[in-house]
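Before any comments, here is the structure.
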(Lines of atoms letter the chains of each structure in order from A; the text may use other names.)
(Lines give C-alpha, C1' and ligand atoms only; values in the text may rest on other atoms or scores of the structure.)
Protein backbone atom coordinates (compact mmCIF):
# COMPACT_ATOMS: atom_id res chain seq x y z
CA UNK A 1 0.00 0.00 0.00
CA UNK A 2 1.65 3.20 -1.18
CA UNK A 3 0.87 6.52 0.41
CA UNK A 4 1.40 9.63 -1.72
CA UNK A 5 2.11 12.89 0.04
CA UNK A 6 0.98 16.39 -0.80
CA UNK A 7 2.66 17.60 -3.95
CA UNK A 8 4.86 20.62 -3.27
CA UNK A 9 4.00 23.89 -4.95
CA UNK A 10 5.68 27.21 -4.33
CA UNK A 11 2.37 29.02 -4.16
CA UNK A 12 -1.13 27.86 -3.35
CA UNK A 13 -3.80 28.59 -5.91
CA UNK A 14 -6.52 31.08 -5.08
CA UNK A 15 -9.25 29.44 -2.98
CA UNK A 16 -12.79 29.37 -4.30
CA UNK A 17 -14.99 32.31 -3.32
CA UNK A 18 -18.40 31.61 -1.81
CA UNK A 19 -19.97 32.43 -5.17
CA UNK A 20 -17.69 29.92 -6.90
CA UNK A 21 -18.57 27.27 -4.32
CA UNK A 22 -22.25 27.92 -4.93
CA UNK A 23 -21.76 27.45 -8.70
CA UNK A 24 -19.77 24.23 -8.13
CA UNK A 25 -22.54 22.85 -5.94
CA UNK A 26 -25.20 23.90 -8.44
CA UNK A 27 -23.50 22.08 -11.33
CA UNK A 28 -22.50 19.13 -9.11
CA UNK A 29 -19.82 17.92 -11.55
CA UNK A 30 -16.86 16.72 -9.49
CA UNK A 31 -14.78 15.71 -12.53
CA UNK A 32 -14.80 19.23 -13.98
CA UNK A 33 -13.48 20.95 -10.85
CA UNK A 34 -9.76 21.78 -10.62
CA UNK A 35 -8.43 19.33 -8.03
CA UNK A 36 -5.55 21.64 -7.14
CA UNK A 37 -7.84 24.60 -6.44
CA UNK A 38 -10.24 22.28 -4.67
CA UNK A 39 -7.52 20.98 -2.35
CA UNK A 40 -6.10 24.45 -1.70
CA UNK A 41 -9.60 25.77 -0.98
CA UNK A 42 -10.20 22.99 1.55
CA UNK A 43 -6.84 23.64 3.19
CA UNK A 44 -7.61 27.37 3.48
CA UNK A 45 -11.08 26.77 4.89
CA UNK A 46 -14.55 26.62 3.37
CA UNK A 47 -17.75 28.59 4.08
CA UNK A 48 -19.24 26.98 7.18
CA UNK A 49 -22.80 27.51 5.94
CA UNK A 50 -21.98 25.44 2.82
CA UNK A 51 -19.99 22.70 4.55
CA UNK A 52 -22.80 20.15 4.57
CA UNK A 53 -23.44 20.62 0.84
CA UNK A 54 -19.72 20.53 0.10
CA UNK A 55 -19.31 17.26 2.03
CA UNK A 56 -22.26 15.80 0.11
CA UNK A 57 -20.56 16.92 -3.11
CA UNK A 58 -17.16 15.49 -2.14
CA UNK A 59 -18.60 12.12 -1.10
CA UNK A 60 -21.00 11.99 -4.08
CA UNK A 61 -23.67 10.88 -1.61
CA UNK A 62 -26.49 12.08 -3.86
CA UNK A 63 -25.25 10.00 -6.77
CA UNK A 64 -24.98 6.86 -4.63
CA UNK A 65 -28.43 7.43 -3.13
CA UNK A 66 -29.86 7.72 -6.64
CA UNK A 67 -28.66 4.21 -7.48
CA UNK A 68 -31.11 2.72 -4.98
CA UNK A 69 -34.89 2.71 -4.95
CA UNK A 70 -36.84 4.87 -2.52
CA UNK A 71 -37.24 3.34 0.90
CA UNK A 72 -34.02 1.30 0.89
CA UNK A 73 -32.47 3.30 3.72
CA UNK A 74 -35.60 2.95 5.85
CA UNK A 75 -35.67 -0.82 5.34
CA UNK A 76 -31.97 -1.06 6.24
CA UNK A 77 -32.33 0.61 9.62
CA UNK A 78 -35.68 -0.86 10.64
CA UNK A 79 -34.54 -4.47 10.80
CA UNK A 80 -31.53 -5.05 13.00
CA UNK A 81 -30.39 -7.95 15.16
CA UNK A 82 -30.93 -7.38 18.89
CA UNK A 83 -27.26 -8.04 19.62
CA UNK A 84 -26.13 -5.29 17.23
CA UNK A 85 -28.84 -2.90 18.39
CA UNK A 86 -27.84 -3.36 22.03
CA UNK A 87 -24.17 -2.76 21.27
CA UNK A 88 -24.99 0.46 19.41
CA UNK A 89 -27.20 1.60 22.31
CA UNK A 90 -24.28 1.18 24.72
CA UNK A 91 -22.07 3.49 22.67
CA UNK A 92 -24.51 6.26 21.70
CA UNK A 93 -23.84 8.44 24.76
CA UNK A 94 -20.08 8.35 24.06
CA UNK A 95 -20.44 10.10 20.70
CA UNK A 96 -19.90 13.87 20.89
CA UNK A 97 -21.40 14.19 24.38
CA UNK A 98 -20.57 17.90 24.36
CA UNK A 99 -23.05 18.50 21.51
CA UNK A 100 -26.60 19.16 22.67
CA UNK A 101 -28.17 17.17 19.84
CA UNK A 102 -26.54 13.97 21.12
CA UNK A 103 -26.94 14.57 24.85
CA UNK A 104 -30.55 13.54 25.36
CA UNK A 105 -31.07 9.80 25.81
CA UNK A 106 -33.40 8.62 23.03
CA UNK A 107 -33.46 12.18 21.71
CA UNK A 108 -33.48 13.09 18.02
CA UNK A 109 -29.69 13.11 17.70
CA UNK A 110 -29.19 9.69 19.26
CA UNK A 111 -32.11 8.32 17.23
CA UNK A 112 -30.63 9.48 13.92
CA UNK A 113 -27.20 8.23 14.92
CA UNK A 114 -28.60 4.80 15.80
CA UNK A 115 -30.62 4.62 12.58
CA UNK A 116 -27.55 5.23 10.44
CA UNK A 117 -25.35 2.80 12.37
CA UNK A 118 -28.05 0.11 12.22
CA UNK A 119 -28.53 0.72 8.51
CA UNK A 120 -24.82 0.37 7.84
CA UNK A 121 -24.60 -2.83 9.88
CA UNK A 122 -27.23 -4.31 7.55
CA UNK A 123 -25.75 -2.76 4.42
CA UNK A 124 -22.30 -4.24 5.12
CA UNK A 125 -22.84 -7.32 7.31
CA UNK A 126 -19.21 -8.43 6.85
CA UNK A 127 -18.14 -5.40 8.88
CA UNK A 128 -21.34 -4.74 10.81
CA UNK A 129 -21.04 -2.21 13.64
CA UNK A 130 -17.85 -1.27 15.44
CA UNK A 131 -17.06 1.26 18.15
CA UNK A 132 -15.56 4.39 16.61
CA UNK A 133 -17.92 4.56 13.64
CA UNK A 134 -20.19 6.85 15.64
CA UNK A 135 -17.75 9.76 15.54
CA UNK A 136 -17.62 9.78 11.75
CA UNK A 137 -21.39 9.37 11.47
CA UNK A 138 -22.04 11.97 14.17
CA UNK A 139 -19.86 14.50 12.37
CA UNK A 140 -21.71 13.88 9.11
CA UNK A 141 -25.04 14.35 10.88
CA UNK A 142 -23.92 17.66 12.40
CA UNK A 143 -22.78 19.10 9.09
CA UNK A 144 -24.98 17.55 6.39
CA UNK A 145 -28.15 17.80 8.51
CA UNK A 146 -29.97 15.21 6.46
CA UNK A 147 -30.26 11.71 7.88
CA UNK A 148 -30.38 9.74 4.65
CA UNK A 149 -27.66 11.75 2.90
CA UNK A 150 -25.46 11.36 5.99
CA UNK A 151 -25.90 7.59 5.70
CA UNK A 152 -24.92 7.49 2.01
CA UNK A 153 -21.96 9.80 2.69
CA UNK A 154 -20.81 7.33 5.36
CA UNK A 155 -21.21 4.42 2.93
CA UNK A 156 -19.02 6.26 0.41
CA UNK A 157 -16.32 6.91 3.00
CA UNK A 158 -16.33 3.28 4.09
CA UNK A 159 -16.16 1.93 0.54
CA UNK A 160 -14.50 4.60 -1.65
CA UNK A 161 -11.72 5.13 0.90
CA UNK A 162 -11.90 1.47 1.93
CA UNK A 163 -12.30 2.69 5.52
CA UNK A 164 -14.38 -0.39 6.22
CA UNK A 165 -11.13 -2.37 6.51
CA UNK A 166 -10.25 -0.17 9.49
CA UNK A 167 -13.24 -1.72 11.27
CA UNK A 168 -13.26 -5.19 9.75
CA UNK A 169 -12.41 -8.07 12.07
CA UNK A 170 -8.64 -8.06 12.60
CA UNK A 171 -8.40 -4.37 11.51
CA UNK A 172 -6.21 -5.22 8.47
CA UNK A 173 -6.01 -1.70 7.10
CA UNK A 174 -5.24 -0.14 10.45
CA UNK A 175 -2.35 -2.54 10.95
CA UNK A 176 -1.07 -1.75 7.45
CA UNK A 177 -1.24 1.98 8.17
CA UNK A 178 0.65 1.62 11.42
CA UNK A 179 3.36 -0.37 9.61
CA UNK A 180 3.61 2.41 7.03
CA UNK A 181 3.85 5.00 9.78
CA UNK A 182 6.57 3.04 11.57
CA UNK A 183 8.68 2.88 8.40
CA UNK A 184 8.15 6.55 7.66
CA UNK A 185 9.01 7.60 11.22
CA UNK A 186 12.23 5.56 10.95
CA UNK A 187 13.06 7.32 7.67
CA UNK A 188 12.16 10.87 8.70
CA UNK A 189 12.99 10.79 12.41
CA UNK A 190 15.59 8.07 13.10
CA UNK A 191 16.19 9.42 16.61
CA UNK A 192 12.48 9.19 17.43
CA UNK A 193 12.33 5.70 15.96
CA UNK A 194 15.25 4.58 18.10
CA UNK A 195 13.67 6.16 21.19
CA UNK A 196 10.37 4.37 20.55
CA UNK A 197 12.22 1.08 20.10
CA UNK A 198 14.20 1.55 23.30
CA UNK A 199 11.00 2.30 25.20
CA UNK A 200 9.21 -0.66 23.60
CA UNK A 201 6.50 1.71 22.39
CA UNK A 202 3.82 0.44 19.97
CA UNK A 203 2.56 3.06 17.54
CA UNK A 204 -0.75 1.21 17.22
CA UNK A 205 -1.53 1.83 20.88
CA UNK A 206 -0.73 5.55 20.64
CA UNK A 207 -2.05 6.66 17.26
CA UNK A 208 -4.73 4.22 16.09
CA UNK A 209 -7.56 6.40 17.44
CA UNK A 210 -6.67 9.19 15.00
CA UNK A 211 -7.17 6.88 12.04
CA UNK A 212 -10.23 5.07 13.39
CA UNK A 213 -12.11 8.33 14.08
CA UNK A 214 -10.32 10.56 11.52
CA UNK A 215 -9.12 12.93 14.28
CA UNK A 216 -12.73 13.49 15.40
CA UNK A 217 -12.33 11.90 18.83
CA UNK A 218 -11.01 14.15 21.59
CA UNK A 219 -10.24 16.94 19.11
CA UNK A 220 -11.89 20.40 19.19
CA UNK A 221 -14.81 20.29 16.77
CA UNK A 222 -13.67 23.41 14.91
CA UNK A 223 -10.37 21.67 14.11
CA UNK A 224 -11.79 18.20 13.56
CA UNK A 225 -14.16 19.35 10.83
CA UNK A 226 -11.35 21.24 9.05
CA UNK A 227 -9.27 18.06 8.98
CA UNK A 228 -12.32 16.15 7.79
CA UNK A 229 -12.78 18.66 4.93
CA UNK A 230 -9.43 17.63 3.49
CA UNK A 231 -9.87 13.96 4.37
CA UNK A 232 -12.92 13.80 2.12
CA UNK A 233 -10.68 14.68 -0.83
CA UNK A 234 -7.32 13.22 0.15
CA UNK A 235 -8.18 10.28 2.36
CA UNK A 236 -5.59 9.03 4.83
CA UNK A 237 -2.85 11.13 3.26
CA UNK A 238 -3.86 14.15 5.32
CA UNK A 239 -3.86 12.07 8.54
CA UNK A 240 -0.33 10.82 7.93
CA UNK A 241 0.88 14.30 7.01
CA UNK A 242 -0.60 15.81 10.16
CA UNK A 243 0.92 13.20 12.45
CA UNK A 244 4.37 13.55 10.86
CA UNK A 245 4.14 17.31 11.18
CA UNK A 246 3.11 17.02 14.83
CA UNK A 247 5.99 14.63 15.57
CA UNK A 248 8.43 17.05 13.93
CA UNK A 249 7.19 19.99 15.98
CA UNK A 250 7.28 18.07 19.28
CA UNK A 251 10.31 15.87 18.69
CA UNK A 252 12.53 17.44 21.35
CA UNK A 253 9.88 17.09 24.04
CA UNK A 254 9.09 13.50 23.03
CA UNK A 255 12.75 12.51 23.30
CA UNK A 256 12.83 13.63 26.93
CA UNK A 257 10.00 11.31 27.99
CA UNK A 258 10.26 7.66 28.93
CA UNK A 259 8.11 4.65 29.71
CA UNK A 260 4.54 5.37 30.85
CA UNK A 261 5.05 9.14 30.68
CA UNK A 262 5.94 8.82 27.00
CA UNK A 263 2.95 6.58 26.25
CA UNK A 264 0.48 8.86 28.03
CA UNK A 265 1.89 11.97 26.36
CA UNK A 266 1.61 10.50 22.86
CA UNK A 267 -1.84 9.06 23.45
CA UNK A 268 -3.49 11.83 25.47
CA UNK A 269 -1.57 15.10 25.21
CA UNK A 270 0.53 15.37 22.03
CA UNK A 271 -2.16 16.19 19.49
CA UNK A 272 -4.20 18.37 21.86
CA UNK A 273 -1.08 20.34 22.75
CA UNK A 274 -0.24 20.95 19.09
CA UNK A 275 -3.73 22.16 18.28
CA UNK A 276 -3.49 24.60 21.19
CA UNK A 277 -0.04 25.89 20.24
CA UNK A 278 -0.09 25.94 16.44
CA UNK A 279 -2.53 27.09 13.81
CA UNK A 280 -4.05 24.50 11.50
CA UNK A 281 -2.29 26.20 8.58
CA UNK A 282 1.02 25.48 10.30
CA UNK A 283 0.02 21.85 10.82
CA UNK A 284 -1.02 21.60 7.17
CA UNK A 285 2.46 22.72 6.08
CA UNK A 286 4.19 20.70 3.36
CA UNK A 287 7.02 18.28 3.97
CA UNK A 288 9.54 20.54 2.28
CA UNK A 289 8.62 23.40 4.61
CA UNK A 290 8.93 21.01 7.54
CA UNK A 291 12.41 19.86 6.52
CA UNK A 292 13.57 23.42 5.92
CA UNK A 293 12.29 24.63 9.29
CA UNK A 294 13.71 21.69 11.22
CA UNK A 295 17.14 22.16 9.61
CA UNK A 296 17.18 25.72 10.89
CA UNK A 297 16.59 24.71 14.54
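In the UniProt record's numbering, the protein residues as written are 1 to 297. All C-beta atoms in this analysis are idealised placements derived from N, C-alpha and C, irrespective of residue type, glycine included.
*Going by the beta-carbon positions, is the gap between residue 58 and residue 216 smaller than 7 angstroms?*
Within the chain shown, numbered from 1, the residue matching residue 58 stands at position 58. Within the chain shown, numbered from 1, the residue matching residue 216 stands at position 216. At a Cβ-Cβ threshold of 7 angstroms, residue 58 and residue 216 do not count as neighbours.
*Local conformation of residue 124 per DSSP, three classes*: Counted from its first residue, the chain shown places residue 124 at position 124. Residue 124: coil per DSSP, three-state reduction.
*Are the beta-carbon atoms belonging to residue 134 and residue 176 less than 7 angstroms from one another?*
Position 134 of the chain shown, counting from 1, holds the residue named residue 134. Position 176 of the chain shown, counting from 1, holds the residue named residue 176. No, they are not a contact pair.
*Outcome for residue 17 when other beta-carbon atoms lying within 10 angstroms are tallied against a minimum of 16*: For the purposes of this step, residue 17 is identified with residue 17 of the chain shown, where counting begins at 1. Burial state of residue 17 is exposed, judged by a 10 Å Cβ sphere holding fewer than 16 other Cβ atoms.
*Around the Cβ of residue 269, are there at least 16 other Cβ atoms within 10 angstroms (buried) or fewer (exposed)?*
The count along the chain shown starts at 1 and reaches residue 269 at position 269. Residue 269 should be labelled exposed.
*Beta carbon of residue 41: closer than 6 angstroms to some heavy atom of the ligand ATP?*
Looking at this structure, you won't find the ligand ATP or any other ligand, since it has none at all.
*asked:* Can you look up residue 202 in the DSSP assignment and give me helix, strand or coil?
replied: In the chain shown, the residue the question calls residue 202 occupies position 202. When secondary structure is reduced to three states using DSSP, residue 202 falls in the coil class, being assigned neither helix nor strand.
*Enumerated in chain order, which unbroken segments of the alpha helix (DSSP H) with a length of 4 residues or greater are wholly contained in the stretch 58-142?*
61-66, 72-78, 82-91, 100-103, 108-123, all fully within the stretch 58-142.
_For residue 54 and residue 25, believed in contact at Cβ under 8 angstroms, the rounded distance_ = Position 25 of the chain shown, counting from 1, holds the residue named residue 25. Position 54 of the chain shown, counting from 1, holds the residue named residue 54. Contact between residue 25 and residue 54 holds: their C-beta atoms lie close to 7 angstroms from each other, under 8 angstroms.
*Measure the C-alpha to C-alpha separation of residue 86 and residue 153 and round it to an integer number of angstroms.*
Counting from one through the chain shown, the residue named residue 86 turns up at place 86. Counting from one through the chain shown, the residue named residue 153 turns up at place 153. So the alpha carbons of these two residues sit roughly 24 angstroms apart.
*asked:* Looking at residue 150: is its Cβ nearer than 7 angstroms to the Cβ of residue 144?
replied: Within the chain shown, numbered from 1, the residue matching residue 150 stands at position 150. Within the chain shown, numbered from 1, the residue matching residue 144 stands at position 144. Here residue 150 is near residue 144, since their CB atoms are less than 7 angstroms apart.
*asked:* Just to confirm my understanding: we take residue 107, look at its own chain, exclude 5 residues before and 5 after, and list those with CB closer than 8 angstroms. What are they?
replied: Locating residue 107 in the chain shown gives position 107, counting from the first residue. Excluding positions up to five away in sequence, the list reads 101.
*Take the Cβ of residue 282 as the centre, count every other Cβ of all protein chains shown within 10 Å, and call the residue buried at 16 or more, exposed below.*
Indexing the chain shown from 1 puts residue 282 at position 282. Classification for residue 282: exposed.
*Does the stretch 252-272 touch the stretch 202-212, meaning 3 or more C-beta pairs lie closer than 8 angstroms?*
Verdict: yes, contact present.
*With C-beta atoms as the reference, is residue 72 less than 7 angstroms away from residue 129?*
Translated into positions along the chain shown, residue 72 becomes position 72. Translated into positions along the chain shown, residue 129 becomes position 129. Between residue 72 and residue 129, the C-beta gap is not smaller than 7 angstroms, which leaves the two residues out of contact.
_Nearest-angstrom Cα separation, counted from residue 123 out to residue 148_ = Numbered from 1 along the chain shown, position 148 holds the residue referred to as residue 148. Numbered from 1 along the chain shown, position 123 holds the residue referred to as residue 123. Across the structure, residue 148 and residue 123 are spaced so that their CA atoms are roughly 13 angstroms apart.
*Using the rule of at least 16 other Cβ atoms within 10 Å of the residue's Cβ for burial, across every protein chain shown, is residue 229 buried or exposed?*
Here residue 229 refers to the residue found at position 229 when the chain shown is read from its first residue. Looking at its Cβ environment, which holds 16 or more other Cβ atoms inside 10 Å, residue 229 is buried.
*Just the C-alpha distance for residue 119 and residue 171, rounded to the nearest angstrom, thanks.*
Translated into the one-based positions of the chain shown, residue 119 becomes position 119. Translated into the one-based positions of the chain shown, residue 171 becomes position 171. Straight-line spacing of the CA atoms in residue 119 and residue 171 works out to 21 angstroms.
*Give me the Cα-Cα distance between residue 136 and residue 31, rounded to the nearest whole angstrom.*
To locate residue 136, count along the chain shown from 1; it is residue 136. To locate residue 31, count along the chain shown from 1; it is residue 31. Cα to Cα, residue 136 sits roughly 25 angstroms from residue 31.
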